[in-house]
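Residue numbers (the working numbering): 1 to 157.
Glycine residues also receive a C-beta, built at the ideal position from the N, C-alpha and C atoms.
Only a predicted model underlies this, so the values are computations on that prediction, with no experimental measurement involved.
Here you go:
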C-alpha cells in the first residue's frame with residue numbers, strides 16, 4: 001500500500017504567489033505578514049515569492065487566474081477579508097469570490113489556498129489574522145507547501 005503525506009520542508013524551491021486584497025487592510029496586512037513569515041520560516045526565499053495587491057476580495061479570483069496561467073508560480077495563496085455590513089453586498093462578494101477561487105484551485109494549473117475571511121465583525125476577522133484564532137495566512141502558507149509536496153509525490157508514483 002502506498003501512502004502519501006505532505007511535507008512542508010520539501011517546498012523550499014517552490015515559487016509561491018500571494019494575491020492579497022487591500023480592502024480591510026487592517027486584517028489583510030496581518031494575513032499577508034503571517035503567510036510571508038511562515039513561508040520564510042519554511043525556507044522559501046524572497047526571490048521565490050511574488051505578492052500582488054488587488055483592490056478588494058472580488059478581484060482576487062481574476063488575478064489568481066492570470067497568475068496561475070502565467071507559469072511563473074507553482075502555487076498561490078489568496079488572502080482577503082469580507083466583513084458583514086448592513087446590505088446584502090457581503091453575501092454576493094463572499095459567494096462569487098468563494099466559487100471562483102474554488103474553481104481556480106480545482107481546475108487551474110496550480111493549487112490555490114483559500115485565505116478569504118468571511119466574518120460578521122472586525123473582531124472576528126482580527127482573531128483569525130494573528131489573534132486568538134491563529135493566522136489564516138500562515139495556515140495557508142503551510143497548506144500550499146504540503147499540497148505542492150503531495151502533488152510532487154503523486155507525479156513520482
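Check, Outcome
"As assigned by DSSP and simplified to three states, the class of residue 39", "helix"
"Cβ contact check for the stretch 27 to 35 and the stretch 126 to 139: 3 or more pairs under 8 Å", "yes"
"Residue burial classification, residue 16 (beta-carbon count within 10 angstroms, cutoff 16)", "buried"
"Three-state class that DSSP yields for residue 135 in the structure shown", "strand"
"Counted within 10 angstroms of its Cβ, other Cβ atoms place residue 38 as buried (16 or more) or exposed", "buried"
"Whole runs of the alpha helix (DSSP H) within the stretch 36 to 113, excluding any shorter than 4 residues", "60 to 70, 89 to 107"
"Residues of its chain near residue 67, where Cβ-Cβ distance is below 8 Å and the 5 sequence neighbours each way are ignored", "17, 19, 50, 52, 73, 76"
"Element boundaries [beta strand (DSSP E), containing residue 9]", "Element bounds for residue 9: n/a, residue is neither H nor E."
"Where the beta strand (DSSP E) containing residue 16 begins and where it ends", "16 to 21"
"Closer than 8 Å: residue 45 CB and nearest the ligand FAD heavy atom", "No copy of the ligand FAD appears in this structure; indeed no ligand is present at all."
"Reduced DSSP category for residue 31 - H, G, I as helix; E, B as strand; rest coil", "helix"
"Beta-carbon proximity check, residue 104 vs residue 112, cutoff 9 Å", "yes"
"Residue environment, residue 141, which counts as buried when at least 16 other CB atoms sit within 10 Å", "buried"
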